[in-house]
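Novice: Protein chains in written order, with our numbering: chain A, 4 to 319; chain B, 4 to 319.
Glycine included, C-beta positions come from ideal geometry on N, C-alpha and C.
Take a look at the following structure, please.
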């Protein structure tokens, strides 16, 4: 089965027309339009087998995650998904694997309403590159660079669950039964926070998706915004195990959360409360505030310097 | 040196602003605009080390080729380059390699006037995914699907030179000294035929770039156009060695040419002649014509059935 047969059989009909596609999959390139009054938000991310996911991960979970991590980038920018391209590198042509992967991709594309419009397949170590595109009203995209002193720092979801499941899989910890399903889901099926895009467009001064751990990713906001931050460990949205074990490093420094960290001017405190009341599933937890300079984590009575991204582990 | 440091040091300033970039490299995603009256043409291609290029290929050549194969897709669509994203997977961080690769990328981006606006780097077996975007006036893109019986089939450049150099590197053939530089250049520095884009937009009924060999790639035009073709071996633009050795399979069935194969209605015969007179470097050689059905190669007095992409090798 060659490249063209693979694309024809598995990937020629993924997702719904987003209204932007002039020419879809099957030519040298695809042709798209951007509706008047909109701008195009684009990202490209690669997942490598054995690095970004264990080699024995279910194909449908790999497909899901490859799309989800890119969708998470769109959400952080305040964009709505439109279309994607995929480059799939495979060690060999395993039709069972391919069919499960394609089904997972189709289901995910349908769920998040985006269309596969092009890409390629090639031979090599398993990896998936997804190029995603979304739409945002002109000038309404959200960057990492707009945070100002006094802004409230917020995060969505629960932090650390994906890292806990990875630690469980590696035999490093023994999670209680009651948390296992949730943590497994966090690792294999991270929920891109697309429903937050409209809130971010209206009220956020800066946003980022947390892919490499809260401390490091918030640092990107601080660098881009030329400001500092004070966050409080006690305010971090974490599960009961992290709290009881005082294992906050999973929430502070571990990757794969794909939650949103954003900053909102204090004038919009009321809108945050309204959002949380009306959207309990994607509640934004206030964890601290933007300052002029410095980067500190409050743990009980102590203030830990986070600059240089080190230090707090000693206090777990 | 982590991902962010690599991007900052090597990839933060590649290419010139194409006038479409609202927000470039360094955030969760980039933001672009499409000028009024234009459509966006997008492609995504991956080059894998050891598959698409020998592992010891010079980094600058890898960078060049990764961009060139994508630019070739744009050319075949009749588009003008605008911007690109790159996902770079590296086995280890070799700063010497990275700096040569980045220089090659910068030079190539400058030459072809396109800007690097985003992407990522990760750890794994060497591979480069490039997502490219070009512009085309609304509705003027060229597909594989418009060829009609009677249309003239044309190809640019010389076919087979890249394949000859690969065969030379593998010790399968011994090329004369006089052809070596040209063939090495064809493999390592394939020339994307961007200057043909305007001709294709105006006069071509169908076009494709030849990445997998003329016979197979012309077949894509025939499938998409629901038509047949008759081509003549004697009309193929090849170098003297292929002619003398009667080694036409390098021109017919070997990959990596990145020349353009297009079809033009006979009413535009005059425009083809004008083009060839005014652009001798990107001359379009007529090699046959589109028919109602069938797919044949004329070799001397014989007519070889190319359908199913087999048969002609026996006659070399």
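Does any residue of chain B have a CB that is nearer than 7 Å to the CB of residue 125(A)?
Specialist: Here the question's residue 125(A) lines up with position 122 in the first chain. Chain B, which has a Cβ nearer than 7 Å to the Cβ of residue 125(A), makes this yes.
Novice: Under a CB-based cut-off of 7 Å, is residue 69(B) close to chain A?
Specialist: Along the second chain, one-based indexing puts residue 69(B) at 66. Residue 69(B) does not count as touching chain A.
Novice: Applying the criterion that 16 or more other CB atoms from any shown protein chain within 10 Å of the CB defines a buried residue, is residue 172(B) buried or exposed?
Specialist: Within the second chain, the letter at position 169 stands for residue 172(B). Exposed.
Novice: Enumerate, from N- to C-terminal direction, the unbroken alpha helix (DSSP H) stretches of 4 or more residues contained entirely within the stretch 215-292 of chain A.
Specialist: Qualifying alpha helix (DSSP H) stretches, in chain order: 217-228, 243-248, 252-256 and 272-281.
Novice: I'd like to know if residue 20(A) contacts chain B, where contact means its C-beta is closer than 7 Å to some C-beta of that chain.
Specialist: What you label residue 20(A) is simply residue 17 of the first chain in a count that begins at 1. No, its Cβ sits nowhere closer than 7 Å to a Cβ of chain B.
Novice: Against residue 134(B), what residues of chain A qualify as contacts under a CB-to-CB distance less than 7 Å, listed in chain order?
Specialist: Counting from one through the second chain, the residue named residue 134(B) turns up at place 131. Those within 7 Å of residue 134(B) in chain A are 47, 88 and 134.
Novice: I want to see whether chain B comes within less than 7 Å of residue 260(A), judged by CB atoms only; does it?
Specialist: Along the first chain, read from residue 1 onward, the residue named residue 260(A) stands at position 257. Taking Cβ atoms only, chain B never reaches closer than 7 Å to residue 260(A), which makes this a no.
Novice: Contact check, residue 52(A) vs residue 130(A) under 8 Å by CB: the rounded distance?
Specialist: In the first chain, counting from the first residue as 1, residue 52(A) sits at position 49. In the first chain, counting from the first residue as 1, residue 130(A) sits at position 127. With 8 Å as the limit, residue 52(A) and residue 130(A) qualify as a contact, their Cβ atoms being about 6 Å apart.
Novice: Show which residues of chain B have a CB atom less than 8 Å away from the CB atom of residue 26(A).
Specialist: Residue numbering aside, residue 26(A) sits at position 23 when the first chain is read from its first letter. Per Cβ cutoff of 8 Å: 144 and 146.
Novice: Thinking just about the alpha-carbon of each residue, which of 226(B), 250(B) and 185(B) is nearest to the one in residue 175(B)?
Specialist: Here residue 175(B) refers to the residue found at position 172 when the second chain is read from its first residue. It is 250(B).
Novice: Is there contact between the stretch 26-44 of chain A and the stretch 69-89 of chain A, where contact requires at least three CB pairs shorter than 8 Å?
Specialist: Touching, per the Cβ criterion.
Novice: Could you tell me if residue 165(B) is buried or exposed, where buried requires 16 or more neighbouring beta carbons within 10 angstroms of its beta carbon?
Specialist: The residue labelled residue 165(B) in the question sits at position 162 within the second chain. The residue in question, residue 165(B), is buried, as its Cβ has 16 or more Cβ neighbours within 10 Å.
Novice: Would you say residue 1(A) lies against chain B (beta-carbon separation less than 7 Å)?
Specialist: The structure shown does not extend to residue 1(A), since chain A spans only 4 to 319, so no value can be given for it.
Novice: Run down chain A in chain order and give the residues with a C-beta less than 9 Å from the C-beta of residue 267(B).
Specialist: Sequence index remark: in the second chain, residue 267(B) carries index 264 (1-based). The contacting residues do not exist; residue 267(B) stays about 17 Å from chain A at best.
Novice: Our contact map puts residue 262(A) next to residue 211(A) with C-beta atoms below 8 Å; I'd like the distance itself, whole angstroms only.
Specialist: To locate residue 262(A), count along the first chain from 1; it is residue 259. To locate residue 211(A), count along the first chain from 1; it is residue 208. With 8 Å as the limit, residue 262(A) and residue 211(A) do not qualify as a contact, their Cβ atoms being about 10 Å apart.
Novice: Give a yes or no on contact between the stretch 9-18 of chain A and the stretch 88-105 of chain A, applying the rule of three or more CB pairs nearer than 8 Å.
Specialist: Yes: the two stretches touch, three or more of their Cβ pairs being nearer than 8 Å.
Novice: Listing by chain order, which chain A residues have their CB less than 7 Å from the CB of residue 130(B)?
Specialist: Here residue 130(B) refers to the residue found at position 127 of the second chain. Result: 92, 127 and 130.
Novice: Look at residue 153(A) and residue 234(A) and say whether their C-beta atoms are less than 7 Å apart.
Specialist: To locate residue 153(A), count along the first chain from 1; it is residue 150. To locate residue 234(A), count along the first chain from 1; it is residue 231. Not in contact: residue 153(A) and residue 234(A) (Cβ atoms no closer than 7 Å).
Novice: Give me the chain B residues within the contact set of residue 54(A), using Cβ-Cβ distance strictly less than 7 Å, ordered along the chain.
Specialist: Looking up residue 54(A) in the first chain gives position 51. Here the neighbours are 125, 126 and 127.
Novice: Measuring only the C-alpha atoms, how far is residue 132(A) from residue 303(A)?
Specialist: In the first chain, the residue the question calls residue 132(A) occupies position 129. In the first chain, the residue the question calls residue 303(A) occupies position 300. Their Cα atoms are separated by approximately 43 Å.
Novice: Going by beta-carbon coordinates alone, are residue 239(A) and residue 162(A) separated by less than 7 Å?
Specialist: For the purposes of this step, residue 239(A) is identified with residue 236 of the first chain, where counting begins at 1. For the purposes of this step, residue 162(A) is identified with residue 159 of the first chain, where counting begins at 1. Result yes, Cβ atoms of residue 239(A) and residue 162(A) sit closer than 7 Å.
Novice: Provide the residue(s) that pair with residue 121(A) in DSSP beta bridges, ordered along the chain.
Specialist: Within the first chain, residue 121(A) is the residue found at index 118, counting from 1. 88(A), per the DSSP bridge assignment.
Novice: Could you give the C-beta distance for residue 108(A) and residue 195(A), rounded to a whole number, given that I count them as a contact under 8 Å?
Specialist: Within the first chain, the letter at position 105 stands for residue 108(A). Within the first chain, the letter at position 192 stands for residue 195(A). Actually they do not touch by this definition, with Cβ atoms about 15 Å apart.
Novice: Extract the residue ranges of the beta strand (DSSP E) inside the stretch 52-115 of chain A, only unbroken runs of 3 or more that lie entirely within it.
Specialist: Correct list: 83-93.
Novice: Would you call the stretch 97-107 of chain A and the stretch 22-42 of chain A touching, i.e. three or more CB-CB distances under 8 Å?
Specialist: No contact exists between the stretch 97-107 of chain A and the stretch 22-42 of chain A.
Novice: Could you tell me if residue 118(B) is buried or exposed, where buried requires 16 or more neighbouring beta carbons within 10 angstroms of its beta carbon?
Specialist: For the purposes of this step, residue 118(B) is taken as residue 115 along the second chain, with counting starting at 1. Looking at its Cβ environment, which holds 16 or more other Cβ atoms inside 10 Å, residue 118(B) is buried.
Novice: Can you tell me whether residue 181(B) is helix, strand or coil according to DSSP?
Specialist: For the purposes of this step, residue 181(B) is identified with residue 178 of the second chain, where counting begins at 1. Helix at residue 181(B).
Novice: Would you call the CB atoms of residue 209(B) and residue 147(B) closer than 7 Å?
Specialist: Here residue 209(B) refers to the residue found at position 206 of the second chain. Here residue 147(B) refers to the residue found at position 144 of the second chain. Yes.
Novice: Looking at chain B, which residues of the stretch 204-236 of chain A have a Cβ within less than 7 Å of any of its Cβ atoms?
Specialist: Within the stretch 204-236 of chain A, the residues whose Cβ lies closer than 7 Å to some Cβ of chain B are 211 and 212, listed in chain order.
Novice: Kindly indicate which three-state DSSP category residue 144(A) falls into: helix, strand or coil?
Specialist: For the purposes of this step, residue 144(A) is identified with residue 141 of the first chain, where counting begins at 1. Looking at residue 144(A) - three-state DSSP - the assignment turns out to be coil, as it is neither helix nor strand.
Novice: So, does the CB of residue 63(A) fall closer than 7 Å to a CB anywhere in chain B?
Specialist: Taking the first chain and counting its residues from 1, one reaches residue 63(A) at position 60. Residue 63(A) does not count as touching chain B.
Novice: Quick one: is residue 266(A) buried, meaning 16 or more other Cβ sit within 10 Å of its Cβ, or exposed?
Specialist: Translated into the one-based positions of the first chain, residue 266(A) becomes position 263. Buried.
Novice: For residue 282(B), which option in 243(B), 31(B) and 199(B) has the closest C-alpha, if you only look at C-alpha atoms?
Specialist: Locating residue 282(B) in the second chain gives position 279, counting from the first residue. Comparing Cα-Cα distances from residue 282(B) to each of 243(B), 31(B) and 199(B), the minimum goes to 199(B).
Novice: Name, in chain order, the residues that DSSP records as bridge partners for residue 307(A).
Specialist: Position 304 of the first chain, counted from the start, is the residue given in the question as residue 307(A). According to DSSP, residue 307(A) bridges with 300(A).
Novice: Classify residue 316(A) as buried or exposed, calling it buried when 16 or more other Cβ atoms lie within 10 Å of its own Cβ.
Specialist: Stepping through the first chain from its first residue, residue 316(A) is reached at position 313. Unreliable placement is indicated for residue 316(A), whose pLDDT of 43 sits below 50; the coordinate value is still reported in the next sentence. So residue 316(A) ends up on the exposed side.
Novice: Among residues of its own chain, excluding the 5 on either side of residue 318(B), which ones have a beta-carbon nearer than 8 Å to its beta-carbon?
Specialist: As a working mapping, residue 318(B) is identified with position 315 in the second chain. Since pLDDT at residue 318(B) reaches only 37, below the 50 mark, its modelled position is unreliable, and the value read off the structure follows with that caveat. 302, 305 and 307.
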